[in-house]
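Participant: Structure provided below as structure tokens; questions to follow.
In the UniProt record's numbering, the protein residues as written are 1 to 1171.
So, in structure tokens, the structure goes:
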């Protein structure tokens, strides 16, 4: 193609949206697809949650002609797809992407499909939507459209039966592997996968049994008499129970050999009366057990999804002729100094570079612009974390030379074009590897753990390398894997000169001012070579250590490549020699790097423990030479992981010739089986439809994207948008807000609303002793990072977010008189608070026996322990958001995402200085809360209401994800101690539990949280003398708030730790200690309640039986005895949890309309989706 003159650069983008043609002239180069969908197209089913491609709520599907191609060798015609074809002629590509990252400018020639476009309640739901609703796979529903659309990609790209053509067969494993980029914070995922598994060809294949039912399962102590009876009964014909089986569950399961499942439940209390498990097949029915098969209790609901919501691939939306016949064209868009180019050749690319007339540092070569989601954490824009924005963006997706994979099997390498997506690279590796190429398999594993499906579908491998070059602290899995396997690059300089065989580490060290465009990568495709005297093989291992196995940045990653040969010493002995080595680490050092001293140590050495010890010493020297990373986390931890992965690589290389076979498991990777689950309960016929499994009324609206949340509301043209300005330091005095005026000077900024604008009380603390201001005033003290200072109001949300990042705040020192007692520096953890004595209230919250110490001293045995119980963030999918508007009569309407609208009404009225009836709070539905929207929503609601009343215009204040984490505290950090007294049989005599609670800079919500922690702390155990106390401390951190079962997990974990300490000390099974101390009928709790209808023992027995606990524990013990490093364990934890608040009264009104008898229910509850 010839060069494009300026007049030949088209300035319109043409695409289809849900099959409707759209053309946009000169779109803004920074315009994101999600903003177009929500603000212009008014398709709000696509949700904005994290804004960085990490949660999947914004997932849409793109359909277009294939851009990535593969040819069979270097000399093949580029139009010949060759033998390794990824797509067949006539195929179109469907790929799920994150709308929060994908640029509108890149949509030319693409069909965009959103959740509204594949099905609706007004026409017909798609099978995906219908099955998800019927499986109760939605709760708050905010994430649901993203799940639907990611699944939509699967059903469009996979075959559902024969595996014909270029489509792979859809299995349950494929389904689960596909959703590494979708989060749900409500459901626990089981009902979602239940619906999605129904599309798989193996949907009816039961999961492997967890245990083999050979040996009898015993409960508690062995009972020889029961075993004898069971064995005798098995010989009877017909089988007959010779004693009351209800007293021994283990007797029952063996006496009745026609009982196939060990899932038991007592039928005594059921309205239908007692039912025999044996169904009349026992000879003596009167002696048969009263226990039922739990399968009888599986609720009556739809499980045959195919019959209820059949899927017909032939009825799917087909791409329009516009998409099928689309021919790419060069594009150019411009807004001020911001420019976007889409060249179709390398010549046009350099024309674009010349036309832009910009510095190298202003250029950004992009594929899917996924770096926007990551670069903000590395570009020194913290804490507001603004994405990297360069003046000139050049899209690389339509240059054939950069989108082609050329395979040269004879020479053993593949040339991968720079604009090939990570997904295509992964698919090529998976297709090329037939199971025998271990090196490609390892690299495939590493590539498959890069980001998530949606990001891999857009991002390119070269873009990932370039991000690492720009930001060396970015821990790139691709960089480490490709460096390890020995890939090299071909680069172009600004004179269009090619430079081949450039090592990746050399590319990474090039200065940002040097023009270095990646053209392609040469990827080795290793095979084994055998000679007369030695067997040479390539051993390549990749490692990624992260917080989660999917969708998580690496703490440490590593790739170790060795060429090894087996050298025969004599006829009986041989030795493995390393002739070459590459050792690459990331995360542990300042930038991804090879470790040359370690490589030299390995080269030419026998792979022995001596060599391993020497190599580990060289690792430390290499790390010291390169420099240790000072990123998040502990350097000591990363250094220990560094040595561990070298050890694992050694074990993998030497295996199966290990001297000690018990260490072999160090080399094996943990695998996760396909998930499965069953829910079981007994619906009562006499209370129907209550207790019946009925899909909720809003489910179909949630799966179709029609359910509206606060941020989905269409605002009027004069509406303003706010972003909270918060403190970036702790324990400082505010002197000036917007020093230098950069924020106010930003075009589109309307106002900075501060504490000085508050007409009422600057307090949202709900009356606790330590006041919590809505905004810290000038002259006031910021006690923590994240304390709200103001709300910046602008004509768009984007401008408001830019303004808070620009707003400079000047701080001064805090006088000693304004500090807490004994405070000399910011107190940031509970240990510092305890040392300084910063109690939020003098007296602890306590419950139980005040004379517990005496009982402890009288106990035969005593143990003490300490446990640190970490904090936890909510990460509700919908961030904090409120919209405020003025209604007639000067009533302020606040539409908010809140779990507690009454609290919001009270606080907004207080801030505005008006009566409660002048504030109307509306909560339609909430996109998750978990306690985080009980009181914390008052900040956004108060800010929106204050700005709306000042400017007499509608105002929306919506947190981005980074701001939400700063502004909202989570579950309290605690330190717990216990002293427990007990006897030799494991019976607890006394237990004294103390919690030291980090409340943040106010005690606020923590008072209620800690009361729950204390009142629930006895858990499921009767302890004759029990006490729990909690001391509330202040720290210079964000004030904490309720978080799902507030305070309770911390206290329960502490008590379970005490019981485990007993079990370890006495060398007894943990379950024995737990069972011996369970509450029984008539027991009294430490807070004085006498327990009735106690079913703990029965539930405990059923759980151990139905889960095959003893067999699994026995298998674990066998595994652990044979494996030095990897261990397995299983645990059961009983609990007693209160299910109501005494004295709580909530009103509801039912209207029955006279005309047709239809019903309207009005209530004060909040639809937040939680159960």
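Glycine residues also receive a C-beta, built at the ideal position from the N, C-alpha and C atoms.
If you drop the 5 nearest sequence neighbours on each side, which residues of the same chain put their C-beta closer than 7 Å to that of residue 1011?
Facilitator: Annotation for residue 1011: 845 place their beta carbon closer than 7 Å to its own, counting only its chain and skipping 5 residues before and after.
Participant: So which of 412, 515, 1155 has the shortest CA-CA distance to residue 354?
Facilitator: Taking only the C-alpha atoms, the option nearest residue 354 is 515.
Participant: Is the beta carbon of residue 772 closer than 8 Å to that of residue 1039?
Facilitator: yes
Participant: Can residue 462 be considered in contact with the ligand COA, in the sense that its beta carbon sits closer than 7 Å to one or more heavy atoms?
Facilitator: As for the ligand COA, it is missing from this structure, which has no ligand bound.
Participant: Please tell me whether residue 134 and residue 695 are closer than 8 Å, where the distance is taken between their beta carbons.
Facilitator: yes
Participant: From the DSSP output, in three-state form, read off residue 1021 for me.
Facilitator: DSSP places residue 1021 in strand when its eight states are reduced to three.
Participant: Cα separation between residue 141 and residue 705?
Facilitator: 9 Å
Participant: Please report the distance separating the alpha-carbon of residue 978 from that of residue 1021.
Facilitator: Taking the straight line from one Cα to the other gives about 15 Å.
Participant: If you draw a straight line from the C-alpha of residue 553 to the C-alpha of residue 360, how long is it?
Facilitator: 29 Å
Participant: Between 364, 419, 52, which has its C-alpha nearest residue 961's C-alpha?
Facilitator: Of 364, 419, 52, the residue nearest in Cα terms is 52.
Participant: Can you grab the Cα-Cα spacing for the pair residue 971 / residue 999, in whole Å?
Facilitator: Cα to Cα, residue 971 sits roughly 9 Å from residue 999.
Participant: Compare the C-alpha of residue 340 against each of 332, 737, 963 and name the closest.
Facilitator: 332
Participant: Where does residue 501 sit, in a helix, a strand or coil, going by DSSP?
Facilitator: strand
Participant: Who are the near neighbours of residue 909 in its chain, counting only those whose CB is closer than 6 Å to its CB and skipping five residues on each side?
Facilitator: 916, 919
Participant: Please list the segments of the beta strand (DSSP E) lying wholly inside the stretch 81–166, counting only runs of 3 or more residues, in order along the chain.
Facilitator: Here the runs fully enclosed are 93–98, 111–113.
Participant: Our contact map puts residue 596 next to residue 584 with C-beta atoms below 8 Å; I'd like the distance itself, whole angstroms only.
Facilitator: The Cβ separation is near 11 Å, so there is no contact.
Participant: Excluding sequence positions up to five away, which residues of its chain have a Cβ less than 8 Å from the Cβ of residue 952?
Facilitator: 886
Participant: Quick one: residues in its chain with C-beta nearer than 7 Å to the C-beta of residue 937, no 5 flanking neighbours on either side, listed in chain order?
Facilitator: Excluding residues within five positions, the ones whose Cβ falls inside 7 Å are 880, 882, 896, 897, 898, 904.
Participant: Between which two residues does the beta strand (DSSP E) containing residue 340 stretch?
Facilitator: 338–342
Participant: On the criterion of 16 or more Cβ atoms from any shown chain inside 10 Å, does residue 199 qualify as buried, or is it exposed?
Facilitator: buried
Participant: Can you tell which of 791, 779, 997 has the C-alpha that lies nearest to the C-alpha of residue 1029?
Facilitator: It is 997.
Participant: To the nearest angstrom, how far is the alpha carbon of residue 1091 from that of residue 1078?
Facilitator: 12 Å
Participant: Where does residue 1174 land, buried or exposed, given buried means 16+ other C-beta within 10 angstroms?
Facilitator: Coverage of the chain is limited to positions 1 through 1171, which leaves residue 1174 absent and any answer about it impossible.
Participant: Per DSSP, what are the beta-bridge partners of residue 865 in this structure?
Facilitator: Residue 865 has 978 as its beta-bridge partners, per DSSP.
Participant: Just the Cα atoms here: how many angstroms apart are residue 630 and residue 588?
Facilitator: 9 Å
Participant: Using three-state DSSP, classify residue 172 as helix, strand or coil.
Facilitator: helix
Participant: Taking C-alpha atoms, which residue in 602, 60, 513 lies nearest to residue 577?
Facilitator: 602
Participant: Could you give the uninterrupted runs of the alpha helix (DSSP H) lying entirely in the stretch 449–528, keeping only those of 4 residues or more?
Facilitator: 453–458, 461–470, 477–485, 504–508
Participant: Taking 8 Å as the threshold (C-beta atoms), are residue 171 and residue 148 in contact?
Facilitator: no
Participant: Indicate the three-state DSSP secondary structure (helix, strand or coil) for residue 625 in the structure shown.
Facilitator: helix
Participant: Using only CA atoms, which one of 801, 957, 966, 902 lies nearest to residue 872?
Facilitator: 966
Participant: Who are the near neighbours of residue 311 in its chain, counting only those whose CB is closer than 6 Å to its CB and skipping five residues on each side?
Facilitator: 127
Participant: Could you give the uninterrupted runs of the alpha helix (DSSP H) lying entirely in the stretch 690–727, keeping only those of 4 residues or more?
Facilitator: Segments of the alpha helix (DSSP H) lying fully in the stretch 690–727: 699–703.
Participant: Between the Cα of residue 565 and the Cα atoms of 556, 756, 376, 581, which residue gives the shortest distance?
Facilitator: 581
Participant: Using 8 Å for Cβ pairs, my map puts residue 737 next to residue 774. What's the rounded Cβ distance?
Facilitator: Not a contact, Cβ separation roughly 14 Å.
Participant: To which residues does DSSP link residue 958 through a beta bridge?
Facilitator: 881
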